[in-house]
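One structure below.
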Amino acid sequence: MNVSPAQLAQAQLTETRRQFFGRGRHGLGAVALGSLLLPGLLQRPAAASGQPDDRAGGLPGLPHFAPRAKRVIYLLQCGAPSQVDLLDYKPSLDKLHATELPASVRGNQRLTGMTAGQGSFPLTKSPWKFVPYGQSGMMLSELLPHIGKVADELCLIKSMHTEAINHDPAITFFQTGNQQPGRPSIGSWLSYGLGSEAENLPGFVVLLNHNTYDQAQPIYDRLWGAGFLPSNHQGVKFRSQGDPVLYLQDPAGTERPQQREFLDRLGQLNAARAAEVGDPEILARIAQYEMAYRMQMSVPELTDLSDEPASTFELYGEEARTPGTNAANCLLARRLAERGVRFIQIFNRDWDHHSNVKSNVPMLCKQTDQGSGALIQDLKQRGMLDDTLVIWGGEFGRTVYSQGGGEGFGRDHHPRCFSIWMAGGGVKAGFTFGSTDDFCYNIVDDPVHVHDFHATILHLLGIDHERLTYRFQGRDYRLTDVKGNVVDEVRGELLVASGEWREASC
Amino acid sequence: MSHIARFALGFFCGLVGCGAPLVADEPRLKFNRDIRPILADRCFQCHGPDSQTREAGLRLDQSSAATAELDSGERAIVPGQLEQSELVRRIRSNDPDLQMPPPDSGKQLTDRDRGLLERWIAEGAEYERHWAFVPPQRPEPPRVEDSGWPSNPIDQFVLARIEAAGLKPSPLAIREKLIRRVAFDLTGLPPTPQELQDFLGDESPQAVSRMIDHYLGSSAYGEHLARTWLDLARYADSNGYQYDTERQQWVWRDWVIAAYNQNMPFDQFTIEQLAGDLLPEATPQQRLATGFNRNHGVTIEGGVIDEEYRTEYVIDRVVTTGSTWLGLTLLCARCHDHKFDPLSQREFYQFMAFFNQVPERGLNGFEPQERIPSPLAAELLQKYDRQIEQLREELKATSRESQAEFAAWLERLRSQPAAEWQVLRPGQLHSTGGSTLTLLADDSVLAGGANPQHDVYEITAVTESIGLTAVRLEALTDPSLPGGGPGRHANSNFVLSEFELTAVSVRDPQLTREVKFVRAEADYNQNNYEVIKAIDGTVAGNSGWAVDGPTRKEPAIALFVAAEPFGFDGGTELRFRLRHEASFATHGVGRPRLSVTAHPAGEVSLGGPPPAIVALLNRPQQELTASELADLERYYLEVQSTRGQAILAEIARLEQERANAFPPTMIMRELDQPRQTFVLNRGQYDSPTEPVTAGVPQVFPPLPADQKPNRLALARWLVSPNHPLTARVAVNRIWQRLFGVGLVKTSEDFGLQGELPSHPELLDWLATEYIRSGWDTKAMYRLILNSATYRQSSEVGREAYLRDPDNRLLARGPRFRLEAEEVRDAALAVSDLLVRQVGGPSVYPYQPPGLWTELNNRPGYSLEYPEGKGEQLYRRSVYSFWKRTVPLPMLKILDAPDREVCTLQRSRTNTPLQALLLWNAPQFVEAARHLAQRMVAEAQATGTDPAARGFELVTGRVATAGELNVIRDHFTAERERFSHDEAAARELLDVGDSVPDANLPLADYAAWTSVARLLLNLDEFVTKE
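Protein chains in written order, with the numbering used here: chain Y, 1 to 506; chain W, 507 to 1531.
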């Protein structure tokens, strides 16, 4: 070699950046090559940061139209919270309480193996009061004072329904649009379609709330998996114990300057090899190591809450100082959103109350209410709620009739109707959509299927759900399978005036 | 158009030099190459094989239909007549009502597409059958200009293509890189220094083929090839779905390793895995092979419907078999006729009928299972057999010596009464939960009707006996109980939380006594649900007696011994309470029967002579036959003779140990009475419509008429020499593994939507060669690896990579990142940590704490990751415990699939998470320390430089001076740092389970470890070149 490795490495790095990142997204050739060689996740270089029109990966032509939301924070309530007790106000149950669910209402409803043998299905009203919140007077449980505070931001959908009645298929359905394992999750579809705008972080981050209860839902990596999409689109779990990102921490307590030296020498050796061999993949690897190096800074900085003022902890509660609590993860979600992460999903999973509704529901509300409400307020204060879609909901609902009975009664799984709420991101605020019957058993108006829910989320992000496809085994797959309708009624005002957005052509 | 298709087409055009409209003097268009891709992608959605969605009665995938008169009176295609062809008018039209494809369909034709369609119609609109559905014919290898280059026919096909593109092949790879390439391709491991030295020193012309044969003969070959097969077989060590509990299927994994190492022909490999159980005189190993189709997930989630999940398992087999052998996406036809391929929904269910005959369940569907030894454990089995044989010899001698004692024992036993049990006739029956309790003729009580969450059976019975010492509870089975077991739950289990008894005097009902039980015994106890928990006075924490109902469908017996004798003079009413109050709802005892005894409390036991022995004892001795006497003698030895007892116990222990050395493996079995298969409307398990019988899709050759249409016939059909797909799909996968991309890039789809082969004739030549060789897999590897194509260098400069990024022209050697397991195994190999034990139970390498329990901490269904110790940490990755819901991060981060479903192609990504893994994961940091030790030791022994030695070990080649300078700089800087910071040095050296070498100077040791880390992070280390 005539040039020194250091010089060569520098030259190669510059070339990498020029080749893969230098051009904007309208240079189709560069993007196409880039997405072949450096797909999706995490390759935006420091040099390209701050440019508004820049993102790593993603498909040309996306978004298909002006997005209302740029990112999503999805507070997934695994185990299925009770709409009867929290969100779907049913004064009619005061009268019906303790009477038998009429067979005509139940119809041919499939029951789980847990109550199929039960001889009686006594209607059981919520033990708690519903109270009006905000200007809109939205009726929510008294157990949700903090979420109530932001009622005027909420778009409450009371007419969700799903096809699955057991946890695994139902949550798999919500996450991937299919009940059986094997398909990509929502977040990985978004990473694949829209790429990442996060500078030094993954575009799809998963946060797990600590389990506090021994009947908590087990969950699984595939819920944020990439299915048949390239595996770099899968969600990255940020953990509340050990390294937030696996293997982030250097074992030898290396200081940054030494780490930099290590990386420079590695880069020199790799660049020398790249010059010899010619394979651009080597340059991509150099770039990935640079990104890893930046993540070693950006992730601890992200999770270090010492820069948060006291007011933050007044808003989220002191619990937000304890990693792994819902409050802490909601705060972390806001910090991730600030840094451009596209899809942030919090898994809270203690809602499966087959018994002891009376003690368990208040416990869970106490754990989740303040953080969730605070997140909305916080985003609002920061002007981020407009383009951040927040979603709160579980994989199905719970039965209005009691399981077991007596003081320790529980509620079984109920797929026929349940409630979720969304906020921000271009949905109507202080708005309720859909309704259920007096028994809180069947939907009366405006049913929203899981596929519709997915179509709507994609729509809010500027994606036509029928056109975000991936060909696998000869078929063009989509998140919404072959179904799904956008629920137009929940859309609020456009984020970007339509004239400013030209549909990209390809 | 989807992304992939766009790139594929662009590439295709680039190669044949088209891009612009085709020039006039080109040869005639080919339907398969030029036309079908357009029709399939743009038209078949509405005008293809699916009759349900067909528009205007027009079908464009068949010549007869496309040229027929339509209802409208038009003909879509009139061969040779452009103006009369309605299709032409429609594709030219701008009128939205006429235009095809319709503007709102999201599908559009380019000018080039239109040009091709018109030219094809003008040329006569000749259809061809889809290439992959026509059996391969062995082509003549083409002539090439550079006739000196080819080593075998493969090279002629490849070179002809390279020459047509106006290019030349690349030079030979240097030997250091070639052996490394071969070693990884055949064993998944880097060459050892000895292997490298042997090969570099071999001057003979046969050096390369000798080196290839060396690796083909290595046991690591079978491990490596088996590992790639496990992705197809969706093999895992856990059950998937919500709880993802542990399963033991590794004996099947060992079968695959053994099969590859024996070079089992691929046809036999296929037949045994799909239908080994149906072979005449099937051996246990052949039955074991069928574990292939039991590797799907199995749910244990309480609320599911059995048939729903049973159906999913059967469909999983259809999909996996279809993908693995046919390279087809049968699943598309689950809900409707296939949109693109000639597969009807009915044919899907006919195919499903082959796999629908297993005696299995949806919930807890682990049966059928069989304990079969691992084929890799022959030595272990022989050891047991020898020991047992020896003990039997000893036993014979013992029994002869003790005849007198035996006679005396027999006499004593005859004069001693056994415990007599008085079966109680229940009076009142009451269920607090609302079950219906019915008294049966044999005095048992059958529970039926509503099945409440919790239930207490209150059963009374009157007895005249006094001095009662114990109660016996028989939990009997009954046809009315779910699954034929003893419990009421859908899974046949029960949980008896507490067993309680109050004795009430008949004469004076004021006189009552709570009977306290102090001892309990059962003939079967479920782990953690021992019978003692039914008399421990608590129901908390699910404390109670259970009997593994899901897997053991048999009656169970318990006895409860009272603290003091009970029973009142003048009669006693016994009030029993069978409390079922665990949080497992609806887990009642199905059919209890109660008995009491007055036998001395200390001697009451469920043991005692079994009924057969009691019967013998009750007969006069002179009537007994020799074999009956031998039975008695054997029983005597078991219970009485100390020496005999000891030997028998030892034999039993060894037999048990021998049997338990291998867990039961889930295997295939056929129902005695075939199960009727139906077409399922929209694929729903509960919407059966038309009944169907087993059969193969019409597009393929038929099943042999003289064979019963079952799995065995299907398997033989798949590997029949005239099958169009099996051999092509198999050799394509081999090619994909070696070159990074298959000759058919879409190795998972050989159907109409799949990509055309880059070298169709080579593919067919290889397929026919595979069949001709008797499906000899090692011969196929030998053939390809000995080709000039394979031996090309991949150090060919930037231009070549940019020209042909995926190397579809094969004008250079393969170069791509190693797969996850290879990266980890290579780190263990170069650091000399690798433990080369072949086969056995899966092991638990390093994993950050908490990963399992943060996802699932439900008591009884979750555990902390049981990280291994010592050698277990350094086994090959194929033996790593594979938990579907939480795959080992070391592998997952490097694109290993989760094995939820059959995976035909892994992603190959390049991410910062991979960088962090190689930097910081304890496995790699520890390997770096051992590599450092090895570098230093070997350099010392040979008087060279550790830096140079390390570089060689990691990359297989000699470092350049420039590279060595960088490495030495790093050493110098790091030694300087560590000499001032001993704590940091120790921190680095303490990573991992193994103990650091105390003899090495600390700063040097740490600095060389840092150098080794640098080396293990080289792109060249993780890349096959």
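Using N, Cα and C, we set each Cβ at its ideal position, and we do this for glycine too. Please read all numbers here as calculations on a predicted model, not as lab measurements.
Where residue i and residue j are concerned, what is the direct C-alpha to C-alpha distance, given to the nearest angstrom?
{"i": "W/Cys1408", "j": "W/Val1464", "result": "41 Å"}
{"i": "W/Pro527", "j": "W/Ile544", "result": "Because the pLDDT of W/Pro527 is 38, which lies under 50, any placement of that residue in the model is unreliable, and the question is left without a value."}
{"i": "W/His1265", "j": "W/Val1235", "result": "14 Å"}
{"i": "W/Asn1416", "j": "Y/Asn232", "result": "8 Å"}
{"i": "W/Gln863", "j": "Y/Gln118", "result": "33 Å"}
{"i": "W/Leu837", "j": "W/Ala671", "result": "38 Å"}
{"i": "Y/Asp279", "j": "Y/His146", "result": "55 Å"}
{"i": "Y/Asp369", "j": "Y/Phe431", "result": "19 Å"}
{"i": "W/Glu1049", "j": "W/Arg1405", "result": "Correcting the residue identity first, residue 1049 of chain W is Ser in this sequence and not Glu. Approximately 36 Å, taken between the alpha carbons."}
{"i": "W/Arg1492", "j": "Y/Thr303", "result": "28 Å"}
{"i": "W/Ala1443", "j": "W/Phe1457", "result": "14 Å"}
{"i": "Y/Gly29", "j": "W/Asn1292", "result": "Because Y/Gly29 sits at a pLDDT of 29, beneath the cut-off of 50, its placement in the model cannot be relied upon, and the following sentence gives the value as read from the coordinates. So the two alpha carbons sit approximately 38 Å from each other."}
{"i": "W/Arg1288", "j": "W/Tyr1276", "result": "12 Å"}
{"i": "W/Ile1240", "j": "W/Ile1290", "result": "9 Å"}
Figure out for me which residue from the options has the closest Cα to the Cα of residue i.
{"i": "Y/Ala170", "options": "Y/Gly462, Y/Gly426, Y/Glu395 and Y/Leu460", "result": "Y/Glu395"}
{"i": "Y/Asn485", "options": "Y/Ser120, Y/Gln367 and Y/Thr456", "result": "Y/Thr456"}
{"i": "W/Phe1066", "options": "W/Leu684, W/Lys1059, W/Glu1079 and W/His1105", "result": "W/His1105"}
{"i": "W/Phe1082", "options": "W/Ala1040, W/Ala1091 and W/Ala1513", "result": "W/Ala1040"}
{"i": "W/Leu1269", "options": "W/Asp652, W/Pro645 and W/His1436", "result": "W/Pro645"}
{"i": "W/Gly973", "options": "W/Phe1072, W/Thr1044, W/Leu943 and W/Glu926", "result": "W/Phe1072"}
{"i": "W/Pro1061", "options": "W/Tyr1030, W/Glu1036 and W/Glu624", "result": "W/Tyr1030"}
{"i": "Y/Asp481", "options": "Y/His451, Y/Thr322 and Y/Leu75", "result": "Y/His451"}
{"i": "Y/Leu96", "options": "Y/Gln180, Y/Asp250 and Y/Asp438", "result": "Y/Asp438"}
{"i": "W/Glu964", "options": "W/Leu882, W/Lys1059 and W/Leu1100", "result": "W/Leu1100"}
{"i": "W/Val1045", "options": "W/Arg978, W/His960 and W/Arg852", "result": "W/His960"}
In terms of DSSP beta bridges, what is residue i paired with?
{"i": "Y/Asn232", "result": "BP columns for Y/Asn232 are empty, so no partner."}
{"i": "Y/Val448", "result": "Y/Met160"}
{"i": "Y/His414", "result": "Y/Gly397"}
{"i": "W/Pro1170", "result": "W/Arg877"}
{"i": "W/Tyr1035", "result": "W/Gln1032"}
{"i": "W/His636", "result": "According to DSSP, W/His636 bridges with nothing at all."}
{"i": "Y/Met139", "result": "Y/Pro132"}
{"i": "W/Ala981", "result": "W/Ala1062 and W/Pro1098"}
{"i": "Y/Thr456", "result": "Partner(s): none; Y/Thr456 has no beta bridge."}
{"i": "Y/Trp421", "result": "Y/Leu156 and Y/Trp392"}
{"i": "Y/Ile171", "result": "DSSP output for Y/Ile171 lists no bridge partner at all."}
{"i": "Y/Tyr470", "result": "Y/Tyr477"}
How do the stretch 327 to 334 of chain Y and the stretch 280 to 287 of chain Y stand: do at least 3 beta-carbon pairs fall below 8 Å, yes or no? By the criterion of at least three beta-carbon pairs nearer than 8 Å, the stretch 327 to 334 of chain Y is not in contact with the stretch 280 to 287 of chain Y.
Three CB pairs or more closer than 8 Å across the stretch 1155 to 1171 of chain W and the stretch 853 to 863 of chain W: These segments do not touch.
Assess contact between the stretch 152 to 167 of chain Y and the stretch 191 to 207 of chain Y, defined as three or more Cβ pairs (one per stretch) separated by less than 8 Å. Is contact present? Flag = no, the stretch 152 to 167 of chain Y and the stretch 191 to 207 of chain Y do not touch.
With a threshold of 8 Å, are at least 3 pairs of Cβ atoms found where one atom belongs to the stretch 988 to 1004 of chain W and the other to the stretch 1085 to 1104 of chain W? Taking a cut-off of 8 Å for Cβ pairs, the stretch 988 to 1004 of chain W and the stretch 1085 to 1104 of chain W touch, as three or more such pairs fall below it.
Inter-stretch contact (C-beta, 8 Å, three-pair minimum) for the stretch 871 to 883 of chain W and the stretch 1170 to 1186 of chain W: Flag = yes, the stretch 871 to 883 of chain W and the stretch 1170 to 1186 of chain W touch.
Closer than 8 Å is the cut-off here; do at least three beta carbon pairs connect the stretch 1216 to 1225 of chain W with the stretch 1378 to 1388 of chain W? No contact exists between the stretch 1216 to 1225 of chain W and the stretch 1378 to 1388 of chain W.
Any chance you could list the beta strand (DSSP E) runs of at least 3 consecutive residues sitting entirely within the stretch 817 to 842 of chain W, in chain order? When DSSP assignments are scanned along the stretch 817 to 842 of chain W, no uninterrupted stretch of beta strand (DSSP E) that is 3 or more residues long falls wholly within it.
Is it a yes or a no for the stretch 1050 to 1059 of chain W touching the stretch 939 to 949 of chain W, going by three-plus beta-carbon pairs under 8 Å? Of all C-beta pairs linking the stretch 1050 to 1059 of chain W to the stretch 939 to 949 of chain W, fewer than three are shorter than 8 Å, placing the two stretches out of contact.
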